[in-house]
Amino acid sequence: MWLWLTVCSALLLGIYDVFKKQALKQNGVYWILVGSCGLTTLFLTPFLTAITLQEHLIVLLKAVLVSISWVSGLIAMKHLPLTTVSTIKASRPMFVVIFSIILFGERLSPLQWLGVAIVMAALFLSARSKQNGTDKAGSARGMLCMIISVLSGAASALYDKYIIKGFEPLALQGWTNLYITALLALILLFQYLTDKDSFQPLAWDWRILIIAVLITAADAAYFFAMKDPDAMLSVISIIRRCSVIVTFLGGALILREGHVRDKALVMVLMIAGVGLLLYATA
Numbered sequence: 101m102w103l104w105l106t107v108c109s110a111l112l113l114g115i116y117d118v119f120k121k122q123a124l125k126q127n128g129v130y131w132i133l134v135g136s137c138g139l140t141t142l143f144l145t146p147f148l149t150a151i152t153l154q155e156h157l158i159v160l161l162k163a164v165l166v167s168i169s170w171v172s173g174l175i176a177m178k179h180l181p182l183t184t185v186s187t188i189k190a191s192r193p194m195f196v197v198i199f200s201i202i203l204f205g206e207r208l209s210p211l212q213w214l215g216v217a218i219v220m221a222a223l224f225l226s227a228r229s230k231q232n233g234t235d236k237a238g239s240a241r242g243m244l245c246m247i248i249s250v251l252s253g254a255a256s257a258l259y260d261k262y263i264i265k266g267f268e269p270l271a272l273q274g275w276t277n278l279y280i281t282a283l284l285a286l287i288l289l290f291q292y293l294t295d296k297d298s299f300q301p302l303a304w305d306w307r308i309l310i311i312a313v314l315i316t317a318a319d320a321a322y323f324f325a326m327k328d329p330d331a332m333l334s335v336i337s338i339i340r341r342c343s344v345i346v347t348f349l350g351g352a353l354i355l356r357e358g359h360v361r362d363k364a365l366v367m368v369l370m371i372a373g374v375g376l377l378l379y380a381t382a
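Under this note's numbering, the final residue of the sequence shown carries the number 382; numbering is consecutive throughout.
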């Protein structure tokens, strides 16, 4: 069951990324995140059970890691084509696989390792692909933000494996989103107080509601998968990143981004690697 919950989470995440890219045309990074996280917290209010002070601190650290990953990822999305972001974002599972083996003693079968190797080859090719459609300064900033997003996201996934046993999935998801909303709201307040003249208020966009619904469902599926005692974080992380396939297709077919032929080869390799991983794990 945890395997198919992860597949479901990946599909929802891919659609979520496409809507995020479109929503960035109307609002800044922080408004989109505050709006979607605030709505997600509202959806999960019935599951906000009482937790101890120590548990609050645990969740706060989780919220900080997620906030760093999301903010840097969205900044990168502003400066890079969605097809480029999707390929770079796929590197996160490699870090998770390595540290899952080191920290949690997970072991992959030869077929699983072959799937991982194929995905790594795809990532190597993506690193060599051209950054089309961006200026050099914007591209450099976008690449730096994507690196930060990937590393903090990997740290968050590893942390999830460590803390999930002590929480109910929806309670952890609800409290995490509440803290993320508070952290990002503080950033917005600081921006307003320091630069009132250029501060842009929220322009309501119906996509924010869709984003909130998608991320709520995607994260719920993920946390329930992680809660399964047989779940392997290394496998979950690889499969969940296949969301970049949906994101790539959205960028190419819906947003009509150009120069996708080289990146399409990367996606084909990635699909092959993830498919082999699913076959070897099922």
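C-beta: ideal position from N, C-alpha, C; glycine also.
- In the displayed model, P269 falls within a helix according to three-state DSSP.
- P269 is not a Cβ neighbour of A318, given a cutoff of 9 Å.
- Rounded to the nearest angstrom, the gap between the Cα atoms of L272 and V134 is 18 Å.
- In this structure, DSSP gives P181 a state outside helix and strand, which the three-state scheme calls coil.
- Where S136 is concerned, the enclosing alpha helix (DSSP H) starts and stops at 129-143.
- By the neighbour-count criterion, in which a residue is buried when 16 or more other Cβ atoms sit within 10 angstroms of its Cβ, R207 is exposed.
- Spanning the alpha carbons of S256 and L161 requires a straight line of approximately 9 Å.
- Counting only runs of at least 3 residues, the region 288-365 fully encloses no beta strand (DSSP E) element at all.
- Under the 8 Å Cβ criterion, the region 275-282 counts as touching the region 135-149, having at least three qualifying pairs.
- Contact between S249 and L180 is ruled out by a C-beta separation of about 11 Å, above the 8 Å threshold.
- With contacts defined as CB atoms closer than 9 Å, L105 and I132 fail to qualify as a contacting pair.
- Relative to Q154, the option among G375, M367, F267 whose CA is nearest is F267.
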